[in-house]
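>
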Amino acid sequence: MKKQTIGPTSTQEEKNLILKAIEAKKRAYAPYSNYSVGSALVDEKGRTYTGCNVENACYPAGLCAERTAIVKMVSEGGKKIKKIVVAASSEEPVFPCGMCLQVIQEFGSDCEVIAVNKTGKKIQKNLIRTLFPFAFDPEKLNG
Ligand code: THU
């Protein structure tokens, strides 16, 4: 297996999370788009969860990698996303789609989002509040 190298700007914890997201991408089920995505996140207790995109013949039933990882976190008792990585198949890193931003917001309004390209060498980071400044969050329901 080809050894993955990743950029110098990350901590060891981040590098491990990035490698997990790249590994999860290999399990993507993406026969329709042929665009595999992996994700890995760390929760408030330091536990990690991974996900990949899982497409479907009924296209809208497909799930993005980030939401797969988040659903796994919540279903296993995790409460808050501290950091989430999205590992793309493209030359450039990609940040999560709008629907994933909404779900990240729900469980990680202070979290950092790390986007990496297909090699893991190009890394971009942003806070969810920068990516999604006017999010519809739970408080809005009571306001
Ligand atoms: N996809 C993700 O899993 N995460 C993203 O951030 C962008 C898009 C998936 C959805 C679909 O399976 C494929 O990539 C092409 O859109």
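The sequence shown maps to residues -7 to 135 in my numbering. Glycine is no exception: its CB is placed at the ideal position from the N, C-alpha and C atoms.
(1) When the Cα atoms are used, what is the spatial distance from E131 to I10?
(2) Could you give the DSSP three-state label for T51: helix, strand or coil?
(3) Nearest to C44 by CA position, among K114, K37, S2 and I62, is which residue?
(4) Less than 7 Å between the CB of C89 and some heavy atom of the ligand THU, yes or no?
(5) For L220 and T42, I'd like the C-alpha separation in whole angstroms.
(6) State yes or no: is the C-beta of I120 within less than 8 Å of the C-beta of S101?
(7) Is any beta-carbon of chain C found at less than 8 Å from that of G135?
(8) Tell me the residue span of the beta strand (DSSP E) that contains G30.
(9) Would the beta-carbon of V63 be found less than 7 Å away from any heavy atom of the ligand THU?
(10) How would you write the range of the alpha helix (DSSP H) that V95 sits in, first residue to last?
(11) Rounded to whole angstroms, what's the CA-CA distance from F99 to G135? Just pull it up for me.
(12) Please work out which residues of its chain come closer than 8 Å, Cβ to Cβ, to E104, disregarding the five sequence neighbours upstream and downstream, and give them in chain order.
(13) Is the Cβ-Cβ distance between I14 and G112 less than 8 Å?
(14) Alpha carbon to alpha carbon, how far is E47 from I106? Give it in angstroms, no decimals.
(15) Along the alpha helix (DSSP H) that carries V63, what are the first and last residues, could you check?
Concretely, from the data shown:
(1) Roughly 32 Å separates the two Cα atoms.
(2) With the sequence shown as reference, residue 51 is identified as Tyr, and Thr is not the correct amino acid for it. In the three-state reduction of the DSSP assignment, Y51 falls in the helix class, which pools H, G and I.
(3) Closest in C-alpha terms to C44, from the list K114, K37, S2 and I62, comes I62.
(4) Remark: the C-beta of C89 is in contact range of the ligand THU, defined as less than 7 Å to any heavy atom.
(5) The first residue shown for the chain is -7 and the last is 135, placing residue 220 beyond what the model contains.
(6) I120 is a Cβ neighbour of S101, given a cutoff of 8 Å.
(7) The structure shown contains no chain C, having only a single protein chain.
(8) Annotation for G30: the continuous beta strand (DSSP E) segment containing it runs G30 to D35.
(9) Relative to the non-hydrogen atoms of the ligand THU, the Cβ of V63 never comes closer than 7 Å to any of them.
(10) Note, V95: alpha helix (DSSP H), G90 to F99.
(11) Each residue's alpha carbon lies about 19 Å from the other.
(12) Correct list, in chain order: K74, K75, I76, K117, N118, L119 and I120.
(13) It is a contact, given that the beta carbons lie within the stated cut-off.
(14) Cα to Cα, the separation comes out at about 23 Å.
(15) In the DSSP assignment, V63 falls within the alpha helix (DSSP H) that extends over A57 to S67.
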